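The letter at position 287 of the sequence shown is residue 286 when you use numbering that gives the first Met the number 0, and the numbering goes up by one with no holes.
Single-structure report; data block below.
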Amino acid sequence: MHAVPGLHHRARLRGADFGIAQAQHAGLFTGSQLRFGGKALSQTGGHGDVRHRGDDSPDPGYCCPGFGRVCDGVSQCRAAARDELRKGADHLKIVISGGVTSPTDRIDSTQFSIEEITAVVEEATAANRYVAAHAYTPRAIERGLRCGVRSIEHGNFLDDATARLFNETGSYLVPTLVTYSALADVERAKSGPGNRNGKVFEVLDAALQGLETAYRNGVQIAFGSDLLGAMQRHQLTEFRLRAEVVKPLDIIRSATSVAARLLRAEDTLGRVAPGARADLLAVDGNPVEDIGILTAPEQHHRLLMLCGALVKRPSWT
């Protein structure tokens, strides 16, 4: 039997808000401690702008579905950042390159100006928070890191030079291999090649190489999935996918101690010590020898403790 500290903190829920976090804190539902970033800030035509080319309607506003919030220019970016912080965001999310699901941009584009990115980082820093940035390419990643972004989400096209910049700035990478694997399955199931989103396969093919580059260069790598809705059922597959290039022990660290450092919560999360939250997962087997143990909860997960309280009791009690 092996215990993994704080393993359920492996992911931050994208798009959640203060109401969900407050409900979880009040005990209205049982779940992982939630650190949320609210709406992701996006430029017009960026990854967070969900309008199609023929849609000239204004941004639908905060209340409507969608993970993005459109803002342009330094003043709008500052106002949007301050408003997300007002709503209780634990960190800010900003999209600084093209994305897979956005309808009008290119994967290799850079988004937001240096001044706009810097303004968002300044507002987060003023509130003692940090900025996580969606980015794929070395050019986009470098712009974000030089502006003070703390973590890069995805980073599929990472190269050696950019990996070294992570180490210079003390920043973190959060790869999300499983989301491209799941999206690719959806795209393959479509009726014809002409209906498929080619951007999915573009980033899928680069994902593992980007992770290997980061790992080989000693980048601080945290755990994430980026899965939305019904696709969240696949999130444990991320452990297996990473194991192709990362040692199991380092994958576990990415979901525990490294993730805790990214959240600036290493005193209470991701460790077994007096004063920590006592979040523990006990498994039947040794995940350091077989990471697949973590991907099969029905077979191998025996005990789950959240903040010292048993959520799942061992089968022998």
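Positions of the beta carbon are idealized from the N, C-alpha and C atoms, including for glycine.
Computed from a predicted model, the values in this text were never measured in an experiment.
Member of the options whose CA lies at the smallest distance from the CA of residue i
| i | options | result |
| --- | --- | --- |
| G223 | G284, A20 and Y171 | Y171 |
| A125 | D54, Q231 and G147 | G147 |
| G67 | D48, D55 and L84 | D48 |
| A213 | H233, D158 and I251 | D158 |
| A162 | E265, E211, R312 and C70 | E211 |
| G106 | I140, K86 and P247 | Checking the sequence shown, residue 106 turns out to be Ile, not Gly. Considering only alpha carbons, the answer is I140. |
| E121 | P102, G143, T103 and N155 | G143 |
| D89 | C70, K311, L33 and G154 | L33 |
| N127 | I290, R263, S101 and Q234 | R263 |
| F238 | R145, A295 and A259 | A295 |
| L164 | S180, N155, M230 and R145 | R145 |
| G44 | T100, D104 and A181 | D104 |
| M230 | L182, A131 and Q208 | L182 |
| L235 | A259, A206, I290 and I220 | I290 |
| A258 | V310, L207, E288 and R149 | R149 |
| K198 | D16, M304, Q219 and T100 | T100 |
| R85 | D16, V287, E288 and F111 | D16 |
For residue i, the residue or residues it bridges with in DSSP
| i | result |
| --- | --- |
| T109 | S96 |
| K311 | L303 |
| I151 | A132 and L172 |
| Q75 | Paired residues: none, contrary to the question. |
| R69 | A small correction: the amino acid at residue 69 is Val; Arg does not occupy that position in the sequence shown. Its beta-bridge partners are S41. |
| I220 | L172 |
| L91 | V130 |
Alpha-carbon spacing of residue i relative to residue j, whole angstroms
| i | j | result |
| --- | --- | --- |
| P137 | I116 | 16 Å |
| D249 | D184 | 28 Å |
| A118 | G284 | 48 Å |
| F35 | R270 | 21 Å |
| V202 | G169 | 25 Å |
| A281 | A79 | 42 Å |
| Q75 | T109 | 18 Å |
| S96 | T267 | 33 Å |
| L293 | L302 | 12 Å |
| D55 | H300 | 50 Å |
| R52 | G30 | 39 Å |
| V244 | R81 | 39 Å |
| R232 | E152 | 20 Å |
| R196 | A275 | Here residue 196 turns out to be Asn, not Arg, going by the sequence shown. Taking the straight line from one Cα to the other gives about 44 Å. |
| E186 | A308 | 41 Å |
| F200 | L27 | 40 Å |
| L176 | L261 | 19 Å |
| Q42 | A188 | 32 Å |
| G87 | R252 | 28 Å |
| A25 | E83 | 22 Å |
| K38 | C70 | 11 Å |
| Y129 | P247 | 28 Å |
| P102 | N155 | 19 Å |
| I93 | L40 | 5 Å |
| E167 | A160 | 11 Å |
| T178 | R312 | 31 Å |
| A221 | L240 | 14 Å |
| P174 | A134 | 10 Å |
| L91 | A205 | 26 Å |
| Q23 | E265 | 21 Å |
| V73 | F111 | 9 Å |
Buried or exposed by the 16-neighbour rule on C-beta atoms within 10 Å, applied to residue i
| i | result |
| --- | --- |
| H8 | Model confidence at H8 stands at a pLDDT of 40, short of 50, so the residue's coordinates are unreliable; what they give is reported in the following sentence. Under this definition H8 is a buried residue. |
| Q298 | exposed |
| I113 | exposed |
| C306 | exposed |
| Q21 | exposed |
| R215 | exposed |
| T255 | buried |
| R13 | Bear in mind that a pLDDT of 49 at R13, under 50, signals an unreliable position, so the number given afterwards is only what the model happens to contain. R13 is buried by the Cβ-count criterion. |
| G228 | exposed |
| D278 | buried |
| G217 | exposed |
| P273 | exposed |
| P57 | exposed |
| D225 | buried |
| G209 | buried |
| G98 | buried |
The ligand PLP heavy atom lying under 6 Å from the CB of residue i
| i | result |
| --- | --- |
| L293 | Ligands are entirely absent from the displayed structure, and the ligand PLP is therefore not among its contents. |
* Asked: What residue ranges within the stretch 155–208 form continuous beta strand (DSSP E) runs of no fewer than 3 residues, ordered along the chain?
  -> Runs found: 171–173.
* **Start-end ranges of the alpha helix (DSSP H) lying completely within the stretch 239–286, minimum 4 residues** => Taken in chain order, the complete alpha helix (DSSP H) segments of 4 or more residues contained in the stretch 239–286 are 247–254 and 256–261.
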